[in-house]
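*Asks:* Before we start, here is the structure in question, set down as structure tokens.
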Amino acid sequence: MRFAIEEINNSTSILPNVTLGYQIFDHCTAVQTFSSSLQLLSRNNSIQARQSYNQHLPNIIGLTGPLTSSESITLAPLFMVDLIPVVSYGASSSVLSEKRVYPSFLRTVPSNKGLIDLIIHIIKYFDWNWVAFLGSGSDYSKDGAQLFYELSQKAGICLGYQEVVSDFSQLKSTFNNIDILNIKVIVLFLAELRAEAIIRLAIEHKFQDKVWIASDSWALYQPLTKLNGIETIGTIIGVTPTVVALPGFAKFIHQSRAEGYGTSRHETADQSHDSFCNQACATCSSMKPDEILIESTAYAFSVYSAVYTMALALHNALQCNHSACNTQQAVYPYKLLEEIKRLPTFSLNQMNVSFNREGDPPAHYSVVLWDTTGAPVKIRHIGTYNDHAAVTLTIDDTQIHWFGDGSVPFSNCSAECQPGHRRQSTGQHACCFLCEECGKNQYVNHTADPYSCLSCKEFEWSNSASTTCQKRSVEYLHYDDAFSILLLLSASLLILLCAGVAVLFFLHRSTPVVRSAGGSMCYLMLSCIAASTASVFFHFGKPTAISCALQNITYTFFYTICMSCLFVRSLQIIAIFKMASHLPRAHALWVKYSGQWLVVAAVSLLELVLCVLWVTVGKPWPENNTWLSADKVILQCAMESYAPFGFSSFLLGIVSILCFIFAYMGTDLPKNYNEAKAITFCILLFYLSWAIFVTTCILQSSFVAHVKVMVHLSSLSSMMVTYFFPKCFIVIFQPHKNTAEFFQAAIQSYTQTISRT
0 MRFAIEEINN STSILPNVTL GYQIFDHCTA VQTFSSSLQL LSRNNSIQAR QSYNQHLPNI
60 IGLTGPLTSS ESITLAPLFM VDLIPVVSYG ASSSVLSEKR VYPSFLRTVP SNKGLIDLII
120 HIIKYFDWNW VAFLGSGSDY SKDGAQLFYE LSQKAGICLG YQEVVSDFSQ LKSTFNNIDI
180 LNIKVIVLFL AELRAEAIIR LAIEHKFQDK VWIASDSWAL YQPLTKLNGI ETIGTIIGVT
240 PTVVALPGFA KFIHQSRAEG YGTSRHETAD QSHDSFCNQA CATCSSMKPD EILIESTAYA
300 FSVYSAVYTM ALALHNALQC NHSACNTQQA VYPYKLLEEI KRLPTFSLNQ MNVSFNREGD
360 PPAHYSVVLW DTTGAPVKIR HIGTYNDHAA VTLTIDDTQI HWFGDGSVPF SNCSAECQPG
420 HRRQSTGQHA CCFLCEECGK NQYVNHTADP YSCLSCKEFE WSNSASTTCQ KRSVEYLHYD
480 DAFSILLLLS ASLLILLCAG VAVLFFLHRS TPVVRSAGGS MCYLMLSCIA ASTASVFFHF
540 GKPTAISCAL QNITYTFFYT ICMSCLFVRS LQIIAIFKMA SHLPRAHALW VKYSGQWLVV
600 AAVSLLELVL CVLWVTVGKP WPENNTWLSA DKVILQCAME SYAPFGFSSF LLGIVSILCF
660 IFAYMGTDLP KNYNEAKAIT FCILLFYLSW AIFVTTCILQ SSFVAHVKVM VHLSSLSSMM
720 VTYFFPKCFI VIFQPHKNTA EFFQAAIQSY TQTISRT
């Protein structure tokens with residue numbers, strides 16, 4: 000402070016022809032602070048009541064100091080009444096930023112909020128999240144502890160252990176608790192003397208291999224560097240306001256000490272006990288210049304800039320120019336405060352000085368390392384931090400020699416989960432957790448929410464232990480796929496075969512083979528087979544509500560008609576050869592009223608009703624199937640109600656069973672009337688095809704759509720191959736068997752065989 004004042008008094012640009020005066024008093028205790036403050040505010044040892052605050056001119060118009068937060072909180076309210084500017088160079092408690100309580104308080108050191116924010120950034124820089132915080136009962140330490148608790152929670156850092164250290168604390172127990180909790184990082188946020196006591200005991204109790212983060216109060220405390228065994232406790236990383244060199248300061252110290260020691264020490268006997276300490280005071284300090292210069296320089300620039308802040312504001316208040324000031328101008332404290340607040344950013348020794356609305360400067364800090372690899376211990380600068388425009392932190396961690404194997408110590412409650420594993424909390428601390436693997440079609444985003452396995456979206460998929468989801472491929476029967484083309488060609492060929500067989504039968508409609516196959520009913524069967532085959536085309540392309548309805552209903556309706564035709568045909572064969580002689584009356588009525596057509600019409604009408612219910616009640620609709628395949632979305636058809644589908648399928652099943660029973664009864668008929676064998680074989684293929692389809696559905700195969708189309712084609716093709724193709728072969732290649740004489744001979748042979756048995 001004295002160096003800055005003399006520099007200003009010798010300057011021609013600041014306060015020309017004005018000499019700054021000052022008074023210094025010791026404020027090492029609250030009692031001395033209070034009494035000395037009253038002495039500063041008094042005139043002739045008394046404080047008069049204010050008659051006019053606007054015109055009140057106290058004994059002093061500004062105060063620099065005090066150093067600590069506790070002293071500032073005690074002292075500042077006395078000066079706030081008259082809005083006397085108090086510019087502290089060391090009080091960093093964030094409480095002092097509250098302008099409603101401390102309207103005229105400013106400071107040239109950043110508040111604890113910036114300091115704690117830097118400590119949080121250092122902890123995050125090294126990926127630690129499990130720390131201990133040791134403080135004291137001072138306002139500075141309590142404020143730091145509260146800020147650390149709030150900011151650490153936001154940053155995802157867990158405060159594993161916290162203690163307010165006092166003279167009665169059992170530090171050995173404290174060290175044991177920290178070891179039990181496996182905490183490697185300790186934030187020591189307290190005054191230098193208290194920090195020294197803790198470090199001494201840590202050395203004594205062999206409390207080793209820790210990372211100590213030193214607050215600004217002791218980060219540059221030189222006496223600690225000389226302790227024997229300081230290298231055993233671990234690594235010490237300190238944070239301190241940016242240290243700025245003061246050119247000429249060493250020379251000033253040597254000169255001032257020489258002048259001080261030149262004064263007779265007996266002069267103090269004539270001094271009053273309550274007198275203030277001035278520059279020419281032999282007993283103010285007995286320290287030698289070199290002893291002063293090796294002391295901590297953490298607050299040197301903040302004291303220096305505090306004095307310059309006062310001087311520049313006074314320069315403006317006195318309306319100074321380059322040569323003179325208006326010394327007749329009365330400078331009231333509130334006027335000086337206004338000028339301080341109006342000061343623009345100014346530079347001192349290449350360091351910018353400014354204040355925000357709370358009277359706080361920007362946070363400019365240095366990160367230092369206590370290098371204990373050699374003797375003596377050296378404090379090295381390894382990083383910087385500032386929050387002027389944006390928060391920036393730089394650390395040269397290559398200079399850090401960690402204890403142990405040289406790697407960054409692990410200070411986390413739990414090791415970070417592997418990718419694709421979520422955290423499962425195990426206690427009150429968010430940093431303590433177990434890891435659980437996320438299953439299929441789930442993922443975990445550690446940045447957004449490390450505690451939840453999130454489900455992939457409908458059109459996404461993932462393997463177990465995934466951190467992201469991948470897009471599913473959309474699967475359905477494409478028209479241009481090679482296998483689809485083969486199926487479509489097969490369906491088209493089957494329809495053409497139906498048309499060809501119908502033409503062939505029409506040309507030979509009067510022959511015995513065509514008449515024994517069913518005559519005109521053959522055309523109905525062939526038409527239904529072709530129509531049922533057309534349902535295959537509705538399986539291709541993206542499913543729609545219409546295609547979902549037509550692909551199943553078309554097949555089921557027309558195939559049921561075909562099956563009813565086969566049923567009445569097998570019934571007719573059995574009736575002619577085995578039942579006509581036993582039930583002649585029934586056979587006559589069957590022939591008279593065309594019983595076969597009545598049965599086909601009845602079955603067709605009932606199936607039509609069920610199909611209408613299927614469309615209206617069952618409501619087929621397209622759905623996105625995501626469970627059949629892990630990495631695909633299969634577009635398929637579903638329905639709201641399966642009851643109509645069940646009844647329709649039940650009717651088809653009943654007709655097929657009856658058809659099978661009657662057809663099997665006629666397997667021993669003449670070869671010319673071998674429709675029974677053909678029908679039996681056709682129905683067996685029908686059952687086999689649908690058994691394959693049901694098995695595919697049960698196995699949750701992704702090829703259900705392909706299998707379903709093949710089942711439709713195979714069941715329809717089996718009817719063509721087993722029932723119609725043998726008759727076409729006789730008509731085309733064995734016309735000698737397509738005569739009435741051949742059929743009569745076969746019937747007579749069968750009759751003789753039956754009569755002999």
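Counting in numbering that gives the first Met the number 0, the sequence shown runs from 0 upward without gaps.
Even glycine gets a Cβ: it sits at the ideal position worked out from N, Cα and C.
1) Would you say residue 297 and residue 215 are within 8 Å of each other, going by their C-beta atoms?
2) Given that a residue counts as buried once 16 or more other Cβ atoms are within 10 Å of its Cβ, and exposed if not, what is residue 550?
3) May I ask which residues mark the beginning and end of the alpha helix (DSSP H) holding residue 513?
4) Any heavy atom of the ligand GTP closer than 7 Å to the Cβ of residue 381?
5) Three-state secondary structure (DSSP) at residue 447?
6) Name the one or two DSSP bridge partners that residue 688 has.
7) Sort 14, 208, 142, 205 by Cα distance to residue 321 and report the nearest one.
8) Could you please give the first and the last residue of the uninterrupted beta strand (DSSP E) stretch that includes residue 613?
9) Quick one: give me the first and last residue of the beta strand (DSSP E) that residue 434 is part of.
10) Just verifying my parser: in three-state terms, what is the DSSP assignment at residue 289?
11) Please state whether DSSP places residue 459 in a helix, a strand or coil.
12) Just the Cα atoms here: how many angstroms apart are residue 239 and residue 119?
13) Figure out for me which residue from 633, 63, 247, 173 has the closest Cα to the Cα of residue 308.
14) For a test of the three-state rule: what should DSSP assign to residue 79, helix, strand or coil?
15) Does the Cβ-Cβ distance between residue 165 and residue 143 come in under 8 Å?
16) Run the CB neighbour count on residue 400, radius 10 Å, all protein chains shown included, and call it buried at 16 or more, exposed below.
17) Please give me, in chain order, every unbroken run of the alpha helix (DSSP H) with length at least 4 that falls completely inside the region 88-135.
18) Take every Cβ of the region 635-645, pair it with every Cβ of the region 681-697, and state whether three or more of those distances are shorter than 8 Å.
19) Going by alpha carbons, who is nearest to residue 350 out of 228, 243, 713?
20) Grab me the residues of residue 150's own chain with a C-beta within less than 7 Å of its C-beta, minus the 5 sequence neighbours each way, in chain order.
21) Could you check what DSSP says for residue 263 in three-state terms: helix, strand or coil?
22) Take the Cβ of residue 626 as the centre, count every other Cβ of all protein chains shown within 10 Å, and call the residue buried at 16 or more, exposed below.
23) Can you tell me where the beta strand (DSSP E) with residue 346 in it begins and where it stops?
24) Does DSSP put residue 637 in a helix, a strand or coil?
25) Please classify residue 285 as buried or exposed, where buried requires at least 16 neighbouring CB atoms within 10 angstroms.
26) Per DSSP, what are the beta-bridge partners of residue 162 in this structure?
27) Could you check how far apart the C-beta atoms of residue 39 and residue 58 are, in whole angstroms? I think they sit under 8 Å.
28) Exposed or buried, what is residue 571 when buried is set at 16 or more other beta-carbons lying within 10 Å of its beta-carbon?
29) Straight-line CA distance for residue 154 to residue 145?
30) Is residue 644 buried or exposed, if buried means 16 or more other CB atoms sit within 10 Å of its CB?
31) Closer than 8 Å by C-beta to residue 474: which residues in its own chain qualify, once you throw out the five before and the five after it? Chain order, please.
32) Compute the Euclidean distance between the alpha carbons of residue 19 and residue 211, then round it to the nearest angstrom.
33) Could you check which residue in 420, 65, 47 has the C-alpha nearest to that of residue 466?
34) Grab me the residues of residue 566's own chain with a C-beta within less than 6 Å of its C-beta, minus the 5 sequence neighbours each way, in chain order.
35) Would you kindly work out how many angstroms separate the C-alpha atoms of residue 532 and residue 710, rounded to a whole number?
36) Please state whether the Cβ-Cβ distance between residue 483 and residue 493 is less than 8 Å.
*Replies:* Once the coordinates are examined:
1) The count along the sequence shown starts at 1 and reaches residue 297 at position 298. The count along the sequence shown starts at 1 and reaches residue 215 at position 216. Their beta carbons are under 8 Å apart, which means residue 297 touches residue 215 by this criterion.
2) Your numbering for residue 550 matches position 551 in the sequence shown. The residue in question, residue 550, is buried, as its Cβ has 16 or more Cβ neighbours within 10 Å.
3) Taking the first residue of the sequence shown as 1, we reach residue 513 at position 514. Unbroken alpha helix (DSSP H) run through residue 513: 511-516.
4) Here there are no bound small molecules, and the ligand GTP is not part of this structure.
5) Within the sequence shown, residue 447 is the residue found at index 448, counting from 1. Coil, per DSSP.
6) Residue 688 sits at position 689 when you count from the first residue of the sequence shown. For residue 688, which the question treats as bridged, DSSP gives no partner whatsoever.
7) As a first step, residue 321 must be located in the sequence shown, where it is residue number 322. It is 14.
8) Within the sequence shown, residue 613 is the residue found at index 614, counting from 1. It is not in any beta strand (DSSP E) - residue 613 carries neither H nor E in the DSSP assignment.
9) Indexing the sequence shown from 1 puts residue 434 at position 435. Taken as a continuous stretch (DSSP letters only), the beta strand (DSSP E) holding residue 434 covers 432-436.
10) Against the sequence shown, residue 289 aligns to sequence position 290. Correct three-state label for residue 289: helix.
11) The residue you call residue 459 lines up with position 460 of the sequence shown. Three-state DSSP puts residue 459 in a strand.
12) Indexing the sequence shown from 1 puts residue 239 at position 240. Indexing the sequence shown from 1 puts residue 119 at position 120. Approximately 14 Å, taken between the alpha carbons.
13) Taking the sequence shown and counting its residues from 1, one reaches residue 308 at position 309. It is 63.
14) Here residue 79 corresponds to residue number 80 of the sequence shown, with the count starting at 1. Three-state DSSP puts residue 79 in a helix.
15) Translated into the one-based positions of the sequence shown, residue 165 becomes position 166. Translated into the one-based positions of the sequence shown, residue 143 becomes position 144. Their beta carbons are not under 8 Å apart, which means residue 165 does not touch residue 143 by this criterion.
16) Looking up residue 400 in the sequence shown gives position 401. Counting Cβ neighbours within 10 Å, residue 400 comes out exposed, since fewer than 16 surround it.
17) 111-124
18) no
19) Position 351 of the sequence shown holds residue 350. The residue with the shortest Cα to Cα distance from residue 350 is 243.
20) On the sequence shown, position 151 is the one that residue 150 refers to. 115, 116, 119.
21) Taking the first residue of the sequence shown as 1, we reach residue 263 at position 264. Per-residue confidence for residue 263 stands at a pLDDT of 38, beneath the threshold of 50, marking its modelled position as unreliable; no derived number is given.
22) In the sequence shown, residue 626 corresponds to position 627, counting from 1. So residue 626 counts as exposed.
23) Your numbering for residue 346 matches position 347 in the sequence shown. Per DSSP, residue 346 belongs to the beta strand (DSSP E) from 345-347.
24) Locating residue 637 in the sequence shown gives position 638, where the first residue counts as 1. Looking at residue 637 - three-state DSSP - the assignment turns out to be strand.
25) Stepping through the sequence shown from its first residue, residue 285 is reached at position 286. By the 10 Å Cβ count, residue 285 comes out exposed.
26) Residue mapping note: residue 162 aligns to position 163 of the sequence shown, counting from 1. Answer is 133, bridged to residue 162.
27) As a working mapping, residue 39 is identified with position 40 in the sequence shown. As a working mapping, residue 58 is identified with position 59 in the sequence shown. Right, their Cβ atoms sit about 6 Å apart.
28) In the sequence shown, residue 571 corresponds to position 572, counting from 1. Residue 571 comes out buried.
29) On the sequence shown, position 155 is the one that residue 154 refers to. On the sequence shown, position 146 is the one that residue 145 refers to. Rounded to the nearest angstrom, the two C-alpha atoms are 14 Å apart.
30) Sequence index remark: in the sequence shown, residue 644 carries index 645 (1-based). Buried, because 16 or more other Cβ atoms sit within 10 Å of the Cβ of residue 644.
31) The count along the sequence shown starts at 1 and reaches residue 474 at position 475. If we look at residue 474 and ignore the five residues flanking it on each side, its Cβ neighbours are 628, 631, 632, 633, 634, 701.
32) For the purposes of this step, residue 19 is identified with residue 20 of the sequence shown, where counting begins at 1. For the purposes of this step, residue 211 is identified with residue 212 of the sequence shown, where counting begins at 1. Distance between the alpha carbons of residue 19 and residue 211: 43 Å.
33) Along the sequence shown, one-based indexing puts residue 466 at 467. For the residues 420, 65, 47, the minimum Cα distance to residue 466 belongs to 420.
34) Mapped onto the sequence shown, residue 566 falls at position 567. Same-chain partners within the cutoff: 654, 657, 658.
35) Numbered from 1 along the sequence shown, position 533 holds the residue referred to as residue 532. Numbered from 1 along the sequence shown, position 711 holds the residue referred to as residue 710. Those two C-alpha atoms are separated by around 11 Å.
36) Locating residue 483 in the sequence shown gives position 484, where the first residue counts as 1. Locating residue 493 in the sequence shown gives position 494, where the first residue counts as 1. No. Outside cutoff.
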